[in-house]
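K.L.:
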Amino acid sequence: MNVLSLASWRGRGMQRLAICVAAGALSACVSMSGIQSNAHVNAPAVTTDATSLPGEGGLWPGASWATGIGGAPLQQLIDEALAGNPGLVLAAARVAAARAMVDAAGAASKPQVGAGFSTTRERFSENSIYPPPFGGAYVTDNELALNLSYDFDFWGRHGAELRSALSQSKVAEAEHDAARLLLATTVAKAWVQLARQYAQADMANQQVALRDRLNRLTQQRFSAGLDTQSDNLQSLVQVANLNAERAQWNEAIALTRNQLAALLGQGPDRGLRISPASLPTDAAIALPDQLPLGLLGRRPDIVAARWQVEAAQSDIKVAQTAFYPNVNLSAMIGLSSLSWSSFLSHGSMVDGIGPALHLPIFEGGALRAQLKNRVAAYDGAVATYNQALTQALHDVADTVQSLRAAEIEKNNQQTASDAAERAMQLARQRQQVGTVNMLQVVGAEIAYLSQRKLEIDTRARRADLRIGLIKALGGGFEADAEGLSLEPNRSAEGPSSTSRSNRPPLANAAP
0 MNVLSLASWR
10 GRGMQRLAIC
20 VAAGALSACV
30 SMSGIQSNAH
40 VNAPAVTTDA
50 TSLPGEGGLW
60 PGASWATGIG
70 GAPLQQLIDE
80 ALAGNPGLVL
90 AAARVAAARA
100 MVDAAGAASK
110 PQVGAGFSTT
120 RERFSENSIY
130 PPPFGGAYVT
140 DNELALNLSY
150 DFDFWGRHGA
160 ELRSALSQSK
170 VAEAEHDAAR
180 LLLATTVAKA
190 WVQLARQYAQ
200 ADMANQQVAL
210 RDRLNRLTQQ
220 RFSAGLDTQS
230 DNLQSLVQVA
240 NLNAERAQWN
250 EAIALTRNQL
260 AALLGQGPDR
270 GLRISPASLP
280 TDAAIALPDQ
290 LPLGLLGRRP
300 DIVAARWQVE
310 AAQSDIKVAQ
320 TAFYPNVNLS
330 AMIGLSSLSW
340 SSFLSHGSMV
350 DGIGPALHLP
360 IFEGGALRAQ
370 LKNRVAAYDG
380 AVATYNQALT
390 QALHDVADTV
400 QSLRAAEIEK
410 NNQQTASDAA
420 ERAMQLARQR
430 QQVGTVNMLQ
440 VVGAEIAYLS
450 QRKLEIDTRA
460 RRADLRIGLI
470 KALGGGFEAD
480 AEGLSLEPNR
490 SAEGPSSTSR
500 SNRPPLANAA
510 P
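Following numbering that gives the first Met the number 0 from start to finish, the sequence shown increments by one per residue and tops out at 510.
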């Protein structure tokens, strides 16, 4: 910046006014004409999605949704994961960094004051501009100054930078909530799998016991000449296969324990202290009303994408202000002397105040290229938001369809299990009256356990899908409660808007 002395600046008001007028005219030499965005922020398809996602009067997931699935043990695991997972620590660090950038952007619009002191020992040339006694002598150049500068920001650059930083801060916060949701549902899904594995391992143990019993009966019949050697060998094969399956379930339990320990941010020994889990009971699931529209404030990934659009919109405004003149005011006051003896005297005082003007006239297309870059980034942010909204609807619709299919599967499997249990009871009754032998009873018991194993898989799948639907519906996240909501009553501003509101709109009108 150029600093004019106070004396030389006085009396030049008309001249400065003429300069400002000329600056405004010259700034027209750099034009942003033809650089604009045609991107549109999509609205949720409330009407067209009513068939696939009908309102059923259900409730949105609450913050304590895990208690309804696994009770206090699952909620405690999730709380521990949210407190100790390194990935969440990283997300929280990004939030802190984004908030610091907000502070930095806000500081740019305030006056800047600084102080400096320098002292230099030097010899002046005898053949330069300094006459004797300074020429050829060593002197000490001392300067102490207080400097002030202020950017008038006529075109709203700093306001746009602040809005962009605020939006990026909201993006980081929403992404942090999305990471929390992903971690919580991942822990819950692993917990359900652990419960399934424990249940299947128990079924395998019961099957092994029955197969051992059946194997002993087969050996007795073979010894008595009632069965062939092939029947005896086939029984041994079944026992060996079940023992191998039991080992596989035990391995799966150990691996899932390790997975949960890692999600908790702990070593494998933490997994050994996780209590055996039990599959949750089935619960009726009803979709909430106004589902597509409600996702806008219930899905943290959608909220993050929308704030990213607002940040990109503010970045366009920042780029546009570079096309206009920039006026700064600087002032200084201090002491300057070539010797210590006179440094503190009144005659050593210096002061100055003056404006500095910068205006683009010819910059080789750099400003237009920068604006095009910001507009392209805005288009990309809008596309990302539209994709996030589409994917959210896709996630909910897929999970709902799978839950409907799983409900049919559960009913059919229950019918099969009931039939197998009835067949087992009839075999036991007939064995008591002597119409069938023990082999047939054991065979019926083994068939019943096989149906129970299928029933366990069906229950585990429904529990997993239930968690998936909770995640697809936002997992209890609420933009309003987190201070991340978008105002619904303000029209969407285009890239050329000069509004200085710090909170972006929810409206879906395209800029």
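The C-beta atom is built at its ideal place from N, Cα and C for all residues, glycine as well.
1) Once you ignore the five residues that flank Trp190 on each side, which residues in its own chain have a CB closer than 6 Å to its CB?
2) Looking only at its own chain, which residues have a Cβ that is under 7 Å from the Cβ of Ser484, when we skip the five neighbours before and after it?
3) DSSP on Ala27, reduced to helix/strand/coil?
4) Within this structure, are the beta carbons of Leu213 and Glu444 separated by less than 7 Å?
5) Is it the case that the Cβ atoms of Ile455 and Ala198 are separated by a distance below 7 Å?
6) How big is the Cα-Cα spacing for Ser163 and Arg373?
7) Can you find at least 3 beta carbon pairs, one from the stretch 350-357 and one from the stretch 164-178, that sit closer than 8 Å?
8) Just checking my contact of Ser36 with Ser166 at CB under 8 Å: how many whole Å lie between their CB atoms?
9) What number of angstroms, rounded off, separates the C-alpha of Trp154 from the C-alpha of Ala318?
10) Can you tell which of Ala243, Val112, Ile469 and Ala480 has its C-alpha closest to the C-alpha of Leu147?
11) Pro72 lies in the alpha helix (DSSP H); which residues open and close that run?
12) Compute the Euclidean distance between the alpha carbons of Gly482 and Ser168, then round it to the nearest angstrom.
13) Grab me the residues of Arg451's own chain with a C-beta within less than 7 Å of its C-beta, minus the 5 sequence neighbours each way, in chain order.
14) Unbroken alpha helix (DSSP H) runs of length 4 or more, entirely within the stretch 233-296: which are they?
15) Taking the beta carbon of Asp176 as the centre, do at least 16 other beta carbons fall within 10 Å, making it buried, or is it exposed?
16) Within its chain, find whatever has a CB closer than 8 Å to the CB of Val349; leave out the 5 residues flanking it on each side and keep chain order.
17) Mark Ala82 as exposed unless 16 or more other C-beta atoms lie within 10 angstroms of its C-beta, in which case mark it buried.
18) For Ala404 versus Ser51, is the C-beta spacing smaller than 7 Å?
19) Mind checking whether Ala304 and Tyr384 have CB atoms under 7 Å apart?
20) Taking 8 Å as the threshold, find out whether the stretch 283-297 comes into contact with the stretch 53-61 through three or more Cβ pairs.
21) Within the stretch 126-185, note down every full beta strand (DSSP E) run reaching 3 residues or more, in order along the chain.
22) Beta-carbon within less than 7 Å of Ala365's beta-carbon, same chain only, minus the 5 sequence neighbours each way: which residues are those?
23) What number of angstroms, rounded off, separates the C-alpha of Pro85 from the C-alpha of Glu79?
24) Just to confirm the assignment, what range does the beta strand (DSSP E) spanning Ile352 have?
25) In whole angstroms, what separates the C-alpha of Ala391 from that of Leu358?
26) Could you spell out the range, first to last residue, of the alpha helix (DSSP H) harbouring Asn411?
27) Excluding the 5 residues preceding and the 5 following Ala253 in the sequence, name in chain order all residues of the same chain whose CB lies nearer than 7 Å to its CB.
28) Straight-line CA distance for Ala422 to Arg429?
P.N.:
Here's the rundown:
1) Counting from one through the sequence shown, the residue named residue 190 turns up at place 191. Answer for Trp190: Gly69, Leu73 and Ala276, listed in chain order.
2) If you number the sequence shown from 1, residue 484 lands on position 485. For Ser484, where only same-chain residues beyond five positions count, the Cβ hits under 7 Å are Gly296 and Ala478.
3) What you label residue 27 is simply residue 28 of the sequence shown in a count that begins at 1. Residue placement at Ala27 cannot be trusted, given a pLDDT of 46 that sits under 50; what the coordinates show is reported in the next sentence. In this structure, Ala27 counts as helix in the three-state DSSP scheme.
4) Residue mapping note: residue 213 aligns to position 214 of the sequence shown, counting from 1. Residue mapping note: residue 444 aligns to position 445 of the sequence shown, counting from 1. Cβ distance not < 7 Å, so Leu213 and Glu444 don't count as in contact.
5) Mapped onto the sequence shown, residue 455 falls at position 456. Mapped onto the sequence shown, residue 198 falls at position 199. It is a contact, given that the beta carbons lie within the stated cut-off.
6) What you label residue 163 is simply residue 164 of the sequence shown in a count that begins at 1. What you label residue 373 is simply residue 374 of the sequence shown in a count that begins at 1. One C-alpha to the other measures close to 12 Å.
7) no
8) Stepping through the sequence shown from its first residue, residue 36 is reached at position 37. Stepping through the sequence shown from its first residue, residue 166 is reached at position 167. That belief does not hold up - the Cβ atoms of Ser36 and Ser166 are roughly 16 Å apart, past 8 Å.
9) Residue numbering aside, residue 154 sits at position 155 when the sequence shown is read from its first letter. Residue numbering aside, residue 318 sits at position 319 when the sequence shown is read from its first letter. Taking the straight line joining both Cα atoms gives about 11 Å.
10) Start at 1 with the first residue of the sequence shown, and residue 147 comes out as number 148. For Leu147, the nearest C-alpha among the options comes from Val112.
11) Counting from one through the sequence shown, the residue named residue 72 turns up at place 73. Element bounds for Pro72: Thr66 to Gly83.
12) Against the sequence shown, residue 482 aligns to sequence position 483. Against the sequence shown, residue 168 aligns to sequence position 169. Answer to the nearest angstrom: the Cα atoms are 11 Å apart.
13) Position 452 of the sequence shown, counting from 1, holds the residue named residue 451. Closer than 7 Å at the Cβ level, and outside the excluded window around Arg451, lie Met202 and Ser416.
14) 267-271
15) As a working mapping, residue 176 is identified with position 177 in the sequence shown. Asp176 should be labelled buried.
16) As a working mapping, residue 349 is identified with position 350 in the sequence shown. These residues qualify, in order along the chain: Ala144, Met331, Ile332, Gly333, Leu334 and Ser335.
17) If you number the sequence shown from 1, residue 82 lands on position 83. With fewer than 16 other Cβ atoms within 10 Å, it is exposed.
18) If you number the sequence shown from 1, residue 404 lands on position 405. If you number the sequence shown from 1, residue 51 lands on position 52. Contact flag unset, no.
19) As a working mapping, residue 304 is identified with position 305 in the sequence shown. As a working mapping, residue 384 is identified with position 385 in the sequence shown. The answer is yes: Cβ separation under 7 Å.
20) yes
21) 137-150
22) Here the question's residue 365 lines up with position 366 in the sequence shown. Result list for Ala365: empty, nothing under 7 Å.
23) Numbered from its first residue, the sequence shown carries residue 85 at position 86. Numbered from its first residue, the sequence shown carries residue 79 at position 80. Going by the C-alpha atoms only, they are around 12 Å apart.
24) For the purposes of this step, residue 352 is taken as the residue at position 353 of the sequence shown. Where Ile352 is concerned, the enclosing beta strand (DSSP E) stretches over Met348 to His357.
25) Against the sequence shown, residue 391 aligns to sequence position 392. Against the sequence shown, residue 358 aligns to sequence position 359. Each residue's Cα considered, the two are about 46 Å apart.
26) The residue labelled residue 411 in the question sits at position 412 within the sequence shown. That run of the alpha helix (DSSP H) goes Ala365 to Val432.
27) For the purposes of this step, residue 253 is taken as residue 254 along the sequence shown, with counting starting at 1. Counting only Cβ-Cβ distances below 7 Å, and skipping sequence neighbours, we find nothing.
28) In the sequence shown, the residue the question calls residue 422 occupies position 423. In the sequence shown, the residue the question calls residue 429 occupies position 430. For Ala422 and Arg429, the distance between alpha carbons rounds to 10 Å.
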